[in-house]
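J.: Position 13 (the sequence shown) corresponds to 13 in the numbering used here; numbering is contiguous.
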Amino acid sequence: MSEIHKFLFEGLPVRGVLVRLGGAWTEILRRRAANSATGSYPLPVQNMLGEMVAAATLMQSNIKFNGSLILQVLGDGPVKLAVVEVQADFGLRATATVTGDVPLEASLSQMINVNNQGKCAITLDPQTRFPGQQPYQGVVPLVGDAREKLEKFSDVLEHYMLQSEQLDTTLVLAADDKVATGLLIQRLPLEGVGNLAGSRVSLAHEDEIGSNEHYKRIALLASTLKREELLTLDADTILRRLFWEEKLLRFAPLAGDSAPHFSCTCSRERVSRMILGLGADEAQSIISERGEIEVGCDFCGAHYRFDPIDVARLFRVPGDLPPSSETVQ
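#1: Hey, residue 97 and residue 81 are a contact pair by Cβ (cut 8 Å); roughly how many whole angstroms apart?
#2: Leaving out five residues before and five after residue 107 in sequence, what residues of the same chain have Cβ atoms less than 6 Å from its Cβ?
#3: At the level of alpha carbons, what is the spacing between residue 256 and residue 290?
#4: Which residues does DSSP pair with residue 295 in a beta bridge?
#5: Who are residue 82's beta bridge partners in DSSP?
#6: Return yes when the Cβ of residue 69 is within less than 8 Å of the Cβ of residue 183, no when it is not.
#7: Nearest by alpha-carbon distance to residue 261: which of 170, 272, 88 and 189 is it?
#8: Going by the CB atoms, is the gap between residue 73 and residue 112 shorter than 8 Å?
#9: Counting only runs of 3+ residues fully inside the region 201-265, write out the beta strand (DSSP E) ranges in chain order.
#10: Near residue 123, what residues of its chain come up, given a Cβ to Cβ distance below 6 Å and the 5 sequence neighbours on each side ignored?
#11: Would residue 251 be called buried (16 or more neighbouring beta carbons within 10 Å of its own) or exposed?
#12: From what residue to what residue does the beta strand (DSSP E) around residue 175 run?
#13: I'd like to know if the region 168-184 and the region 222-229 are in contact, where contact means that at least 3 CB-CB pairs between them fall below 8 Å.
#14: Whole-angstrom Cβ separation of residue 287 and residue 314, contact assumed at under 8 Å?
#15: Hey, would you say the C-beta of residue 46 is under 7 Å away from at least one heavy atom of the ligand HEM?
#16: Suppose the cutoff is 8 Å on Cβ atoms and the five residues either side in sequence are ignored; what does the same chain contact list for residue 233 look like?
#17: What residues in its chain sit with their C-beta under 8 Å from that of residue 104, if we drop five residues either side in the sequence?
#18: For a test of the three-state rule: what should DSSP assign to residue 186, helix, strand or coil?
#19: So who's on the other strand from residue 141, going by DSSP bridges?
#20: Let's see if you can read the secondary structure: which residues bound the beta strand (DSSP E) around residue 23?
#21: Straight-line CA distance for residue 229 to residue 125?
#22: Determine the extent of the beta strand (DSSP E) in which residue 3 is found, giving its start and end residues.
#23: Taking C-beta to C-beta, are residue 140 and residue 163 nearer than 8 Å?
#24: Could you spell out the range, first to last residue, of the alpha helix (DSSP H) harbouring residue 128?
As structure tokens, then:
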């Protein structure tokens with residue numbers, strides 16, 4: 001079961017979100033394992049990607065953004081790219097590109113930040129854009145203020161939120177092959193909306209960074225949560241153990257039909273547009289070499305095949321999609 005629990009600390013400028021992703025996460029792993037070209041993720045990559053999935057879901061639930069939130073890590077190690085996309089309805093997908101050997105005990109920097117060239121990017125892509133509107137994106141390196149390598153993905157995002165969004169944030173993340181889960185504690189912006197959604201932060205708000213005693217106390221309690229507790233305990237038990245002396249205002253959890261779920265936005269139409277973008281000469285060159293154009297989706301494992309007749313139809317009538325061509329899951 002996947003679920004999201006949101007809560008406020010009554011009378012205090014602090015909010016929280018707890019996410020547990022069961023079926024949504026295991027479906028991502030199942031599809032990856034079924035991919036004969038790649039096989040399952042190495043264990044350190046699996047756990048890192050699971051933490052990213054939990055973190056992206058936490059952030060999407062926190063900002064109520066009508067569009068997709070895309071969390072990416074671009075690396076200079078054996079993991080070249082890891083991507084998580086969470087839609088407004090909490091449909092989510094994730095993938096990672098692994099090009100080298102990943103030792104069983106590999107750290108975060110050994111996977112994605114060997115030479116301090118790794119980066120973390122968060123993109124907000126609105127579902128409906130105004131003319132000329134571009135997605136909002138923030139990018140930070142995978143190092144701290146002293147250029148030290150960050151070895152926990154939660155530290156990467158806490159640093160991102162503080163440096164790019166001016167928001168005090170505490171994250172506890174964990175994942176295994178059954179669940180991806182996380183707890184977010186955040187000081188409420190004085191203006192009532194977060195800079196992650198594009199708002200400006202006042203000087204008064206900046207003055208509160210790192211100094212609010214209520215937030216610091218609650219963040220300290222949250223940081224005592226152990227990985228095994230986060231992976232194995234239910235939401236009610238976790239919140240009761242951590243914050244039994246605090247007065248929580250809890251909202252109805254997102255579960256069942258409204259819960260996070262695996263969903264891929266790939267389609268034959270999108271692949272057709274990609275082939276059109278290659279141009280007729282390049283598409284024909286691929287057809288001549290391979291006899292067809294086959295595109296596989298890294299997220300869901302679907303394969304889209306275009307034979308010479310399909311490709312000819314695309315370029316004869318731009319935008320006209322070939323009927324009854326094959327898509328293989």
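Even for Gly, the Cβ is constructed at its ideal location relative to N, Cα and C.
T.: For this structure:
#1: 4 Å
#2: 151
#3: 45 Å
#4: 304
#5: 73 and 96
#6: no
#7: 88
#8: yes
#9: The DSSP assignment places complete beta strand (DSSP E) segments of no fewer than 3 residues inside the region 201-265 at 248-250, in order along the chain.
#10: Result list for residue 123: 70, 135 and 137, in chain order.
#11: exposed
#12: 169-175
#13: yes
#14: The distance from the Cβ of residue 287 to that of residue 314 is about 11 Å, inconsistent with a contact at the 8 Å cut-off.
#15: As for the ligand HEM, it is missing from this structure, which has no ligand bound.
#16: Counting only Cβ-Cβ distances below 8 Å, and skipping sequence neighbours, we find 241.
#17: Excluding positions up to five away in sequence, the list reads 42, 43 and 44.
#18: strand
#19: 119
#20: No beta strand (DSSP E) holds residue 23; the alpha helix (DSSP H) holding it covers 23-33.
#21: 34 Å
#22: 3-9
#23: Note that the C-beta distance between residue 140 and residue 163 is below 8 Å.
#24: Looking at the DSSP string, residue 128 is not in any alpha helix (DSSP H), and its letter there is neither H nor E.
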